[in-house]
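Residue numbers (my numbering): 209 to 481.
Yeah, the Cβ is synthetic: ideal placement off N, Cα and C, and Gly gets one too.
Note that the structure is a prediction, hence the values are computed from the model and not measured.
To start, the structure under review is shown below, and the notes come after it.
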């Protein structure tokens with residue numbers, strides 16, 4: 209076993225030192241590191257990760273397996289694929305701890321329900337919803353927009369993000385998934401503050417939420433980021449999406465927002481724009 213592997217195993221055993229968190233097994237051509245964690249507190253989701261560190265590790269990335277009694281098999285498979293892709297993109301350096309943190313982030317946006325089929329059926333009963341969110345400002349545009357695009361993909365949401373005098377996010381999808389999106393938006397550090405430190409989105413406002421069937425007969429097919437300059441451009445964009453009724457309902461809020469002052473996209477950090 210190489211010195212690099214021994215050093216990393218020592219570090220991992222000190223980080224994951226809780227009861228049953230860390231296990232080390234010998235394999236024919238290396239070692240197997242197993243890390244078990246609970247995400248979201250004692251009653252959260254359990255996740256078991258196994259990393260097969262070959263003799264040539266970290267020159268070659270580890271083999272990875274993912275299992276959980278709280279997730280569907282397909283969800284475990286998706287997380288594993290993402291971890292393999294992440295491992296392949298990293299430099300040949302110790303990476304297990306970083307991969308564990310990535311896995312925990314993937315689980316947070318996987319939207320796994322402990323109730324299984326019953327929860328899925330309940331979501332289907334709720335039908336499709338349309339929600340419009342108003343964001344206060346964006347400084348780290350690339351990071352912020354990138355996270356929102358990733359969440360919509362992982363939560364199977366569609367919609368539009370409008371960047372301009374007011375920053376709006378239109379979402380369509382299962383109501384429970386939209387609520388998860390909003391939870392992530394308020395709990396994950398998506399932006400940076402005026403001093404450049406990463407920060408959460410604490411000023412997000414829900415302007416409207418309504419069943420899709422009551423707003424229009426059209427469902428958006430993807431999530432697209434669009435820039436606009438004036439409210440007339442924004443009006444046209446909502447008309448093209450067949451969301452004129454929704455736009456008329458949120459227009460007073462947008463007018464008040466402009467009158468009371470807003471940061472808008474104008475606060476973009478030049479290096480991130």
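query, result
"Residues near residue 261 in its chain [Cβ-Cβ closer than 7 angstroms; skip 5 each side]", "213, 238, 239, 241 and 270"
"Residue nearest to residue 337 in terms of C-alpha spacing, selected from 447, 416, 218 and 257", "416"
"Buried versus exposed, by CB contacts within 10 Å (16 or more), residue 413", "exposed"
"Residue 406 - partner residues in DSSP beta bridges", "400"
"Given 8 angstroms, three or more beta-carbon pairs between the stretch 369 to 383 and the stretch 426 to 437", "yes"
"Beta-bridge partners of residue 417, as assigned by DSSP", "339"
"Presumed contact (8 angstroms Cβ cut-off) between residue 220 and residue 305, rounded CB distance", "6 angstroms"
"Inside the stretch 431 to 460 only - alpha helix (DSSP H) runs reaching at least 4 residues", "439 to 448"
"Residue 478 classed as buried or exposed, judged by whether at least 16 other C-beta atoms fall within 10 angstroms", "For residue 478, the predicted structure reports a pLDDT of 31, less than 50, and the residue's modelled location is therefore unreliable. The matter cannot be settled from this model."
"Contact check, residue 483 vs residue 255, beta carbons under 8 angstroms", "In the structure as shown, the chain starts at 209 and stops at 481, and residue 483 therefore has no counterpart that could be examined."
"Spatial neighbours of residue 323 in its chain, beta-carbon cut-off 7 angstroms, leaving aside the 5 residues before and after", "Any reading at residue 323 must be qualified, since the residue scores a pLDDT of 44, below 50, and its modelled position is unreliable; the value itself is stated next. If we look at residue 323 and ignore the five residues flanking it on each side, it has no Cβ neighbours."
"Beta-bridge pairing of residue 260 - partner residues as DSSP gives them", "240 and 271"
"Anticipated Cβ contact below 8 angstroms, residue 377 with residue 343, distance rounded", "7 angstroms"
"Through-space distance from residue 380 to residue 420, alpha-carbon basis", "8 angstroms"
"Span separating the alpha-carbon of residue 211 from that of residue 362", "38 angstroms"
"For residue 391, the three-state DSSP class (helix, strand or coil)", "helix"
"Pairwise C-alpha distance: residue 231 and residue 299", "25 angstroms"
"Alpha-carbon spacing of residue 234 relative to residue 303, whole angstroms", "19 angstroms"
"Proximity to residue 418 [Cα-Cα], best of 291, 458 and 295", "458"
"Other residues of its chain near residue 329: CB distance less than 6 angstroms, five sequence neighbours each side excluded", "Because residue 329 sits at a pLDDT of 48, beneath the cut-off of 50, its placement in the model cannot be relied upon, and the following sentence gives the value as read from the coordinates. Excluding sequence neighbours, residue 329 sits near nothing in its chain."
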